[in-house]
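Take a look at the structure set out below.
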Amino acid sequence: MPTLAPTRRARELSDRTQRAWLAAKDAVGHKPGYLIDRWHGRAPWSDLPAEERSDAGLDALDALDAAIAATQAARDALAAELLEAGVLAPPLVESEDLPATTWQALTDEGHFGATEGELARLVVSDLAAELSDAAHQLVPTQSRRGDVLVESAWTIVHQAQALLTAVVIAAQTRATPWSEIDTVIGGQEGYDECARRPTEARYAQALAEWHRGIDRPYHLYGGRIHAQLPHAALHPRQTARRLDAWVLARRQPRDYDGGGDTPVSAHTVDATGNDHTSWLISTVLGVSSRTMYGLREPGPVATRVHAERKVITLAAAAKPGDTKAAETLAAGRAELDAMRARNVEASA
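FYI, full-length UniProt numbering numbers position 222 of the sequence shown as 222, with every residue one higher than the one before it.
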């Protein structure tokens, strides 16, 4: 097991766990049991009036709700600490190299040329369109069984939860601090700061899965290939064009979506400029830190993903007349060409 270095980040998570645990112990305490005894009329409260007993029962319910929330917050805080330390990261079976056709499809779809934030935003847009279409189906008032309506609404709620998770991931890819996200989401729950579930812990697993997908878009093992990212992130060009049409078909005169005839593509697969290049650099640095400099070999898929993204990023950042940058780009392209040739030969 790697040494658990006492970094500032680790200390912050440790402090959060300790505060959450103390809050949980305080919430559980003796108060719920005391109130339940009053509700049941146990000695010495056997002569309590019915109204006071009822009040005690309701108060006991509130106290148990608070205790559950505080305990869950402590559990999530500890989970975040263990994830950061690598204790909860299970050993993964490394993917075999992908077929040449899969690599080519990722390239043709512009997956490697899109930043992590742009891919995440496309996932949000795709889920939002699905949610909108699903909600639209509930507007007509034709006769339908009540259980069918309930099932439709239940599906929409789950779609909305998936959308919120995708939005949190998209916000994180654009460097939005967890504190700002927590202010919006956690502040709606009605618990004080120590008792509520930390937003970072709540979405830690989803964010970790997203990063694994960015590093290794597909996983191939035992002859079976599994997508590690949502369809929109694996097929960004196809998704963006489809959503362009979706927006245009529903656009109202009062709408301002800032994209002309390409309101989705313009800010994702067709994005250019210094801001886009900066986020390309950020994306490839993230892939590097998670895969190329870890404690174990990155494997063929992560190595190829890093090379694909590195070449595109170097080309976008290159400045005319910069000899050193041109040499670095040429070396990166040569290395990538060699990987591609070996993969094509192995796939034949």
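Using N, Cα and C, we set each Cβ at its ideal position, and we do this for glycine too.
In DSSP terms, what residue i is bridged to
| i | result |
| --- | --- |
| A227 | Y218 |
Status (buried if at least 16 other CB within 10 Å, exposed otherwise) for residue i
| i | result |
| --- | --- |
| residue 426 | It is not possible to answer for residue 426, since the shown part of the chain is limited to 1 through 348. |
| G113 | buried |
| P253 | exposed |
| P90 | Note that P90 scores 45 on pLDDT, short of 50, meaning its location in the model is unreliable and no value can be drawn from it. |
| E109 | buried |
| Q172 | buried |
| residue 349 | Here the chain comprises residues numbered 1 to 348, so residue 349 is not present and cannot be evaluated. |
| N274 | exposed |
| P49 | exposed |
| T165 | buried |
| P44 | exposed |
| T17 | buried |
| Y221 | exposed |
Nearest candidate by alpha-carbon position, reference residue i, set the options
| i | options | result |
| --- | --- | --- |
| V28 | R11, A334, A69 | A69 |
| H30 | T303, L64, R11, D15 | L64 |
| H276 | I312, A73, P253, A43 | I312 |
| A346 | L98, A43, D337 | L98 |
| A232 | G57, R53, H111, L61 | H111 |
| L163 | A170, A227, R224, L127 | L127 |
| I36 | P230, D55, W21, T71 | D55 |
| W21 | D62, D47, A67 | A67 |
| L207 | L229, I225, S14 | L229 |
| A307 | A330, S14, P32 | A330 |
| E96 | A77, R237, E52, H219 | H219 |
| A315 | S278, P217, T303 | S278 |
| A302 | R342, T328, G213, V269 | G213 |
Integer-rounded CB distance, given that residue j should sit under 8 Å from residue i
| i | j | result |
| --- | --- | --- |
| L280 | T107 | The Cβ separation is near 15 Å, so there is no contact. |
| A240 | L122 | 6 Å |
| G117 | R174 | 5 Å |
| S14 | E94 | Actually they do not touch by this definition, with Cβ atoms about 31 Å apart. |
| V124 | D215 | The Cβ separation is near 20 Å, so there is no contact. |
| R19 | W39 | Not quite, the Cβ-Cβ distance comes to about 31 Å (not below 8 Å), so this is no contact. |
| K310 | G332 | 5 Å |
Any 3 or more C-beta pairs closer than 8 Å across the stretch 137 to 149 and the stretch 164 to 182: no
Between the stretch 243 to 251 and the stretch 125 to 144, do at least 3 Cβ pairs fall closer than 8 Å? yes
With a threshold of 8 Å, are at least 3 pairs of Cβ atoms found where one atom belongs to the stretch 287 to 302 and the other to the stretch 132 to 147? no
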